[in-house]
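Trainee: With the working numbering, letter number 261 in the sequence shown gets 274, and the count goes up by one each step, no holes.
Below is the structure I would like to discuss, written out as structure tokens.
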Amino acid sequence: MEEIVEALQAQVDSLTNNMHLERGRKIYFQACMPCHGIRGDGRGPAAKGFDPAPRNFRRGVYKFRTTISGALPIDADLERTVRVGVPGTEMPRWKDVLSQADIKAVVQYIKAFSPWFEDPYALPLPEDILKIPEDRPFEPSLASIAAGRQLFVEQDCVKCHGENGKGDGPQADELVDDWDVPIRPGDLSRPYFKNGKRDHDIYRVFTSALNGTPMPAFDDLSDEQRWQLVDYVQSLEQRKGFVYWLFRENPNQVRHPEPENAEASNSGG
Ligand code: HEC
Ligand code: HEC
Numbered sequence: 014m015e016e017i018v019e020a021l022q023a024q025v026d027s028l029t030n031n032m033h034l035e036r037g038r039k040i041y042f043q044a045c046m047p048c049h050g051i052r053g054d055g056r057g058p059a060a061k062g063f064d065p066a067p068r069n070f071r072r073g074v075y076k077f078r079t080t081i082s083g084a085l086p087i088d089a090d091l092e093r094t095v096r097v098g099v100p101g102t103e104m105p106r107w108k109d110v111l112s113q114a115d116i117k118a119v120v121q122y123i124k125a126f127s128p129w130f131e132d133p134y135a136l137p138l139p140e141d142i143l144k145i146p147e148d149r150p151f152e153p154s155l156a157s158i159a160a161g162r163q164l165f166v167e168q169d170c171v172k173c174h175g176e177n178g179k180g181d182g183p184q185a186d187e188l189v190d191d192w193d194v195p196i197r198p199g200d201l202s203r204p205y206f207k208n209g210k211r212d213h214d215i216y217r218v219f220t221s222a223l224n225g226t227p228m229p230a231f232d233d234l235s236d237e238q239r240w241q242l243v244d245y246v247q248s249l250e251q252r253k254g255f256v257y258w259l260f261r262e263n264p265n266q267v268r269h270p271e272p273e274n275a276e277a278s279n280s281g282g
């Protein structure tokens, strides 16, 4: 009896799975294929010349993850990207168009482009998921920003991101991604980042790396140093640079009028 129930359950599971994939396939062909391509290789008919190019799903290499460097993403990571999109690129946000169930279905479908997701030994283990403490150990301060600035130089972030984080470091023009396509380091003074701009989002980027890009994981930093780096990176958005932050509370500091475009660029946040 038990065996029959188990066999039936397995059949129901596989049917549900197939229905899910079928639904995912329909959505994919309507909403994603024009950019990501029929074969999921990122070469859709609508995406010629896009920079960055739509992701090639076939290798299972994903930038935006809560898993350690080099690991596959978990479903929730992919669902999040589809829900909120990738700001500053052609990747739209789908949460106003697709239901949560549709997003789950299409994510299962794009995973099926890569054999890695079917290899149980390749799937992330619970310990491969980054645990970022919910509460920061200290509040941002001028001291933490200054310490973060020092780390930014010591850890060679400037090599790629440049002295002021604008994405114009000495190596910026030479970088390529895993598909041999030139890639530029993010301009860290933008009001939005590709994978979110909460403190936790920034912490995650240099802790787990952006797979498939030259953006590395920094393993040797203490938790305190990571939050200091976060504070420095956040301070860059002011578009007035580090020195402004150091002196902004000093009434004796000469204040220049805002550049004309400052308001437009800061109001996006
Ligand atoms: C108009 C073009 C376009 C459409 C339509 C589109 N995408 Fe994308 N997508 C992109 C681009 C461009 C990127 C690359 C962003 C980057 O590398 O910074 C991307 C990246 C992604 C990523 C990779 C995130 C990572 O962690 O590396 C996922 C997942 C994704 N898209 C899923 C989807 C799904 C699912 C759909 C359909 C519901 C879809 N996309 C529709 C252009 C598009
Ligand atoms: C070898 C070059 C290189 C080094 C060194 C490097 N980065 Fe990056 N970084 C990149 C590239 C390239 C990207 C953009 C990836 C993309 O857009 O897909 C990036 C992206 C980022 C982003 C995300 C920006 C966004 O829009 O999502 C942050 C934050 C960041 N880097 C911080 C740092 C910090 C902090 C350091 C030093 C601890 C550092 N990076 C060192 C190359 C580098």
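Where is the CB? At the ideal position from N, CA and C, for every residue including glycine.
Since we're looking at a predicted model, the values are computed, not measured.
Measuring CB to CB, does residue 189 end up less than 8 Å from residue 182?
Mentor: Taking the sequence shown and counting its residues from 1, one reaches residue 189 at position 176. Taking the sequence shown and counting its residues from 1, one reaches residue 182 at position 169. Cβ distance not < 8 Å, so residue 189 and residue 182 don't count as in contact.
Trainee: If you reduce the DSSP assignment to three classes, tell me which class residue 29 lands in.
Mentor: Counting from 1 along the sequence shown, the entry for residue 29 is found at position 16. Three-state DSSP puts residue 29 in a helix.
Trainee: Assign residue 116 to one of three DSSP states: helix, strand, or coil.
Mentor: The count along the sequence shown starts at 1 and reaches residue 116 at position 103. Three-state result, residue 116: helix.
Trainee: Since I believe residue 161 is in contact with residue 214 (beta carbons under 8 Å), could you give me their beta-carbon distance rounded to a whole number of angstroms?
Mentor: The sequence position of residue 214 within the sequence shown is 201, counting from 1. The sequence position of residue 161 within the sequence shown is 148, counting from 1. Not a contact, Cβ separation roughly 16 Å.
Trainee: Return yes when the Cβ of residue 49 is within less than 8 Å of the Cβ of residue 72, no when it is not.
Mentor: Within the sequence shown, the letter at position 59 stands for residue 72. Within the sequence shown, the letter at position 36 stands for residue 49. No, they are not a contact pair.
Trainee: Return yes when at least one heavy atom of ligand 2 lies under 7 Å from the C-beta of residue 32, else no.
Mentor: Along the sequence shown, read from residue 1 onward, the residue named residue 32 stands at position 19. Residue 32: no, Cβ never under 7 Å from ligand 2.
Trainee: May I ask you to report which of helix, strand or coil DSSP gives residue 194?
Mentor: For the purposes of this step, residue 194 is taken as residue 181 along the sequence shown, with counting starting at 1. In this structure, residue 194 counts as coil in the three-state DSSP scheme.
Trainee: Can at least three beta-carbon pairs, one atom from the stretch 96-107 and one from the stretch 19-31, be found at a separation below 8 Å?
Mentor: Verdict: no, contact absent.
Trainee: Classify residue 250: buried if its beta carbon has 16 or more other beta carbons within 10 angstroms, exposed otherwise.
Mentor: Sequence index remark: in the sequence shown, residue 250 carries index 237 (1-based). Answer is buried; the Cβ neighbour count reaches 16.
Trainee: What residue does the alpha helix (DSSP H) around residue 160 start on, and which one ends it?
Mentor: Numbered from 1 along the sequence shown, position 147 holds the residue referred to as residue 160. Looking at the DSSP string, the run of the alpha helix (DSSP H) that includes residue 160 is 155-167.
Trainee: Going straight from the alpha carbon of residue 193 to that of residue 127, what length do you get?
Mentor: For the purposes of this step, residue 193 is taken as the residue at position 180 of the sequence shown. For the purposes of this step, residue 127 is taken as the residue at position 114 of the sequence shown. So the two alpha carbons sit approximately 19 Å from each other.
Trainee: Thinking C-alpha only, which one of 99, 135 and 200 is nearest residue 248?
Mentor: Here residue 248 refers to the residue found at position 235 of the sequence shown. Minimum Cα distance to residue 248 is reached at 200.
Trainee: Just to check, is the beta-carbon of residue 215 closer than 7 Å to a non-hydrogen atom of ligand 3?
Mentor: The ligand content of the structure shown is limited to ligand 1 and ligand 2, which means ligand 3 is not among them.
Trainee: Going along the chain, which residues of its own chain have a beta-carbon closer than 8 Å to the beta-carbon of residue 89, five neighbours each way excluded?
Mentor: In the sequence shown, residue 89 corresponds to position 76, counting from 1. Closer than 8 Å at the Cβ level, and outside the excluded window around residue 89, lie 79.
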